[in-house]
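**Student:** Sharing a structure below in structure tokens format, with a few things to ask.
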Amino acid sequence: MPVLLAAAILAALFVCANHARAQYDFQMGVGPGMDDPYSKKDSTGPTLPPIDPYAQALTQELTKTKATDYWSIIAISTGNPAQDLSMYMRRGFGRAEIISLLMIAEGGKQPLKELAQKRVRGARLREMATEYQLPYEKIRVDSLQLRKKLTQDIRLKKLENQNNGQLGTEPSTGTATGDKRP
Numbered sequence: 000m001p002v003l004l005a006a007a008i009l010a011a012l013f014v015c016a017n018h019a020r021a022q023y024d025f026q027m028g029v030g031p032g033m034d035d036p037y038s039k040k041d042s043t044g045p046t047l048p049p050i051d052p053y054a055q056a057l058t059q060e061l062t063k064t065k066a067t068d069y070w071s072i073i074a075i076s077t078g079n080p081a082q083d084l085s086m087y088m089r090r091g092f093g094r095a096e097i098i099s100l101l102m103i104a105e106g107g108k109q110p111l112k113e114l115a116q117k118r119v120r121g122a123r124l125r126e127m128a129t130e131y132q133l134p135y136e137k138i139r140v141d142s143l144q145l146r147k148k149l150t151q152d153i154r155l156k157k158l159e160n161q162n163n164g165q166l167g168t169e170p171s172t173g174t175a176t177g178d179k180r181p
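Sequential numbering of the sequence shown, starting at 0, is according to numbering that gives the first Met the number 0.
Here is the structure:
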């Protein structure tokens with residue numbers, strides 16, 4: 000009887016070990032690098048995910064309206080800040096939240112990465128703003144206004160892109176406008 004029990008335990012351990020090994024081989028386990036699948040490197044180099052349209056619009060807006068050293072002040076890559084902002088969006092930061100964090104980072108002369116880490120640990124935006132003597136209500140209102148403006152801009156661009164290259168059609172007949180055939 001003890002021999003059968005020992006054999007059963009060994010068989011169970013063997014099955015569990017193979018299962019755990021399969022998870023490790025296929026990277027199905029949970030670990031520190033698993034929150035961003037695009038951060039993995041292969042033999043050809045890093046795989047860059049697509050840039051979020053909102054992050055691109057936000058980058059263009061801030062580059063247009065801020066000082067030339069804006070991205071270096073908040074310690075974001077000056078080469079492609081939209082890629083960095085897209086990464087924060089993929090990790091679950093909201094649109095207005097990212098804008099608020101950017102405003103706090105700029106006003107407090109802090110790296111965005113540090114503020115994002117504080118936020119993940121549970122710090123409130125209001126607490127971070129008051130820590131750097133910044134007016135939270137103004138930051139909140141400005142971030143909501145900018146989010147609304149960017150969302151409208153993205154929708155307009157999407158409509159323009161859908162209409163580019165397409166002939167307008169007559170609603171009643173479905174024929175192309177300007178088409179004079181009977």
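For glycine and all other residues, C-beta sits at the position ideal for the given N, C-alpha and C.
Tell me whether the region 44 to 59 and the region 147 to 158 touch, counting them as touching only if at least three CB pairs, one residue from each stretch, are closer than 8 Å.
**Tutor:** yes
**Student:** Going by beta-carbon coordinates alone, are Tyr131 and Leu124 separated by less than 9 Å?
**Tutor:** Residue numbering aside, residue 131 sits at position 132 when the sequence shown is read from its first letter. Residue numbering aside, residue 124 sits at position 125 when the sequence shown is read from its first letter. Not closer than 9 Å, so no.
**Student:** Beta-carbon within less than 7 Å of Gly107's beta-carbon, same chain only, minus the 5 sequence neighbours each way: which residues are those?
**Tutor:** Along the sequence shown, one-based indexing puts residue 107 at 108. Excluding residues within five positions, the ones whose Cβ falls inside 7 Å are Tyr131, Leu133.
**Student:** Based on Cα-Cα distance, which residue from Arg90, Asn163, Glu113 lies nearest to Ile75?
**Tutor:** Here the question's residue 75 lines up with position 76 in the sequence shown. That would be Glu113, whose Cα lies nearest to the Cα of Ile75.
**Student:** Taking the alpha carbon of Leu47 as the reference point, which residue from Lys137, Gln144, Asn79, Met102 has its own alpha carbon closest?
**Tutor:** Start at 1 with the first residue of the sequence shown, and residue 47 comes out as number 48. Residue Asn79 is the option with its Cα nearest to Leu47.
**Student:** What does the alpha-carbon distance come out to for the pair Arg139 and Ile73?
**Tutor:** Within the sequence shown, numbered from 1, the residue matching residue 139 stands at position 140. Within the sequence shown, numbered from 1, the residue matching residue 73 stands at position 74. Going by the C-alpha atoms only, they are around 18 Å apart.
**Student:** Just tell me which of Leu100, Asp141, Glu105, Ala81 has its CA closest to the CA of Ala122.
**Tutor:** As a first step, residue 122 is located in the sequence shown; it is residue number 123 there, counting from the start. Distances from the alpha-carbon of Ala122 to those of Leu100, Asp141, Glu105, Ala81 put Leu100 closest.
**Student:** State the DSSP-derived secondary structure class of Ile110, mapped to helix, strand or coil.
**Tutor:** For the purposes of this step, residue 110 is taken as the residue at position 111 of the sequence shown. One detail in the question is off: residue 110 reads as Pro in this sequence, not Ile. Coil, per DSSP.
**Student:** What is the residue span of the alpha helix (DSSP H) that Leu61 lies within?
**Tutor:** On the sequence shown, position 62 is the one that residue 61 refers to. 52 to 64 is the extent of the alpha helix (DSSP H) around Leu61.
**Student:** Leaving out five residues before and five after Ala81 in sequence, what residues of the same chain have Cβ atoms less than 6 Å from its Cβ?
**Tutor:** If you number the sequence shown from 1, residue 81 lands on position 82. Answer for Ala81: Ile50, Ala54, Gln55, Thr58, listed in chain order.
**Student:** Rounded to whole angstroms, what's the CA-CA distance from Phe25 to Arg90? Just pull it up for me.
**Tutor:** The count along the sequence shown starts at 1 and reaches residue 25 at position 26. The count along the sequence shown starts at 1 and reaches residue 90 at position 91. Because Phe25 carries a pLDDT of 42, less than 50, the predicted location of this residue cannot be relied on, and the following value inherits that uncertainty. Between Phe25 and Arg90, the C-alpha separation is close to 22 Å.
**Student:** Alpha carbon to alpha carbon, how far is Ser142 from Asp152? Give it in angstroms, no decimals.
**Tutor:** Working through the sequence shown from its first residue, we reach residue 152 at position 153. Working through the sequence shown from its first residue, we reach residue 142 at position 143. Approximately 15 Å between the Cα atoms of the pair.
**Student:** With Leu182 as the anchor, note down where its alpha helix (DSSP H) starts and where it stops.
**Tutor:** One cannot answer for residue 182 here, as it falls past the ends of the chain, which runs 0 to 181.
**Student:** Assuming Asp83 is part of the alpha helix (DSSP H), what are its boundary residues?
**Tutor:** Within the sequence shown, the letter at position 84 stands for residue 83. First-last of the alpha helix (DSSP H) with Asp83: 80 to 89.
**Student:** In terms of residues, what are the limits of the alpha helix (DSSP H) holding Ala128?
**Tutor:** Position 129 of the sequence shown holds residue 128. Its alpha helix (DSSP H) spans residues 124 to 130.
**Student:** My understanding is that Met86 touches Ile97, with C-beta atoms under 8 Å, so please give their C-beta distance in whole angstroms.
**Tutor:** Residue numbering aside, residue 86 sits at position 87 when the sequence shown is read from its first letter. Residue numbering aside, residue 97 sits at position 98 when the sequence shown is read from its first letter. Going by Cβ atoms, the distance from Met86 to Ile97 rounds to 11 Å, so no, they are not a contact pair.
**Student:** How far does the alpha helix (DSSP H) with Ser71 in it extend, from its first residue to its last?
**Tutor:** Residue mapping note: residue 71 aligns to position 72 of the sequence shown, counting from 1. 69 to 72 is the span of the alpha helix (DSSP H), which, as asked, contains Ser71.
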